[in-house]
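Q: Those protein sequences? They're chains Y and H, same order as listed. Using our numbering, the letters of the first sequence map in sequence onto residues 100 to 208. Using our numbering, the letters of the second sequence map in sequence onto residues 30 to 144. Glycine residues also receive a C-beta, built at the ideal position from the N, C-alpha and C atoms. In this text, all values refer to a predicted model and were calculated from it rather than measured experimentally.
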Amino acid sequence: GQNIDQPTEMTATEGAIVQINCTYQTSGFNGLFWYQQHAGEAPTFLSYNVLDGLEEKGRFSSFLSRSKGYSYLLLKELQMKDSASYLCAVREVNTPLVFGKGTRLSVIA
Amino acid sequence: DTGVSQNPRHKITKRGQNVTFRCDPISEHNRLYWYRQTLGQGPEFLTYFQNEAQLEKSRLLSDRFSAERPKGSFSTLEIQRTEQGDSAMYLCASSAGFRGTYEQYFGPGTRLTVT
């Protein structure tokens, strides 16, 4: 099974850059996902990593190191609308996603 | 709207009653998942289907919970003899496959309150 850890809360300033870390333990890694979830809404897909390295998508980037069991989500040019929970989720071979508890990000002016 | 839909959006029920939720996935998606989410937690996997076959059930899914996907399209999740601990958001998601970047698309959820 997986054990996924991410910080509970973070605060950052509008226009800044923030990095949300995720560490995991798994026996058969088959991909890592990041989802964004605004309060009271469903999670929406942000990024997917299965190989080591950085995946960039506009203001959002996600990094993976499989040997370290580590990923981060990088958000640039923060906007107030980025205030949300960010969920790290890991998939093992032939199993569904397992989500971390999420990191609640507050963007302040 | 061609996304995942769930009904009802909210359900308030008394302890001991049965409730049933419905999920309509994106039409070409063959995989359908049910999750439960409580405040401050990430979604917890309950069960999933590939077409009409239920492939896995979490140990979280007690005997009071049952899910079906009779024709490989919509799915229902029934909770019998509800308990206050069942109060949560029940999320449904679908995906076009399992390997690679087949991300899951989530529905808006059904918020269950057991009084």
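#1: Near residue 113 (chain Y), what residues of its chain come up, given a Cβ to Cβ distance below 8 Å and the 5 sequence neighbours on each side ignored?
#2: Could you give the DSSP three-state label for residue 115 (chain H): helix, strand or coil?
#3: For a contact meaning CB atoms closer than 7 Å, what does residue 133 (chain H) contact in chain Y?
#4: Quick one: does residue 186 (chain Y) have its CB under 9 Å from some CB of chain H?
#5: Check whether the Cβ atoms of residue 33 (chain H) and residue 99 (chain H) lie closer than 9 Å to each other.
#6: Figure out for me which residue from Y:191, Y:181, Y:192 and Y:189 has the closest Cα to the Cα of residue 111 (chain Y).
#7: Of all the residues that make up the stretch 101-130 of chain Y, which are near chain H by a beta-carbon distance shorter than 7 Å?
#8: Any idea if residue 122 (chain H) is buried or exposed, counting beta-carbon neighbours within 10 angstroms, 16 or more meaning buried?
#9: Which value, in whole angstroms, describes the spacing of the CA atoms of residue 39 (chain H) and residue 105 (chain H)?
#10: With 16 as the cutoff for other CB atoms within 10 Å, does residue 82 (chain H) come out buried or exposed?
#11: Can you find a CB in chain Y that lies within less than 9 Å of the CB of residue 119 (chain H)?
#12: Indicate the three-state DSSP secondary structure (helix, strand or coil) for residue 200 (chain Y) in the structure shown.
#13: Could you check where the beta strand (DSSP E) with residue 159 (chain Y) kicks off and where it finishes?
#14: Could you name the residues of the same chain whose beta carbon sits closer than 8 Å to that of residue 130 (chain Y), not counting the 5 residues immediately before and after it, in chain order?
#15: The beta strand (DSSP E) spanning residue 132 (chain H) covers which residue range?
#16: The beta strand (DSSP E) that contains residue 120 (chain Y), what's its start and end?
#17: Among all the DSSP beta bridges, which residues are the ones paired with residue 135 (chain Y)?
#18: Applying the 10 Å Cβ sphere with the 16-neighbour rule, what's the burial state of residue 144 (chain H)?
#19: Would you verify that the beta carbon of residue 140 (chain Y) is, or is not, closer than 9 Å to some beta carbon of chain H?
#20: At the 9 Å Cβ level, is residue 147 (chain Y) part of the contact set with chain H, yes or no?
#21: Can you tell me whether DSSP reads residue 100 (chain H) as helix, strand or coil?
#22: The beta strand (DSSP E) that contains residue 170 (chain Y), what's its start and end?
#23: Taking the alpha carbon of residue 124 (chain H) as the point to measure from, which residue in H:115, H:116 and H:135 has its own alpha carbon closest?
A: Here's the rundown:
#1: 177, 178, 179, 206, 207 and 208
#2: helix
#3: 196
#4: yes
#5: no
#6: Y:181
#7: none
#8: It counts as buried.
#9: The straight-line gap from Cα to Cα measures roughly 15 Å.
#10: exposed
#11: no
#12: coil
#13: 159-164
#14: A distance below 8 Å between beta-carbons, with the five flanking residues on each side excluded, links residue 130 (chain Y) to the following residues of its chain, in chain order: 147, 148, 149, 189 and 190.
#15: For residue 132 (chain H), no beta strand (DSSP E) encloses it, and the DSSP letter there is neither H nor E.
#16: 117-124
#17: Y:143 and Y:185
#18: exposed
#19: yes
#20: yes
#21: Correct three-state label for residue 100 (chain H): coil.
#22: 169-174
#23: With distances taken between CA atoms, residue 124 (chain H) lies nearest to H:135 out of H:115, H:116 and H:135.
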